[in-house]
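Below: one structure, written as C-alpha cells.
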Amino acid sequence: MNPSPPHTDLIATYRRAEAEAAHKFGLIKAAANKGPKAIQAAVETAAKAAKRRDSYAKKLLALGVELKD
9 MNPSPPHTDL IATYRRAEAE AAHKFGLIKA AANKGPKAIQ AAVETAAKAA
59 KRRDSYAKKL LALGVELKD
C-alpha cells in the first residue's frame, strides 16, 4: 500500500529530521576538543533535533504509518 501524499510529505520531513539529528549527534564529537560549554551546546542542540524527529515519528504512527529503521 502506498502512502497518501500528505503522508509522503510527513515521511520526507521525518527523514530530514532523522538526518539532522544524526548530524547533530556527530557534532558532539567535534565539539569535544572545544571545551565543556561547546559540548553542552552541542548536546542541547542534538537533544532538540532528536525530540523533533521523535515528534514526527509519533505523528506518523498516529496516522498508521510504520517506519522501518
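Residue numbers for the sequence shown follow the working numbering, beginning at 9 and rising by one.
Glycine included, each C-beta is placed from N, C-alpha and C at the ideal position.
In this text the structure is predicted, and so the values were computed from the model without any measurement.
By the criterion of a C-beta distance shorter than 8 Å, residue 39 is surrounded in its chain by 46, 47, 49, 50, once the five residues flanking it on both sides are discounted.
In this structure, the beta-carbon distance from residue 65 to residue 31 does not fall below 9 Å. With fewer than 16 other Cβ atoms inside 10 Å of its own Cβ, residue 24 counts as exposed.
A Cβ-Cβ separation of about 7 Å places residue 29 in contact with residue 54 under the 8 Å criterion.
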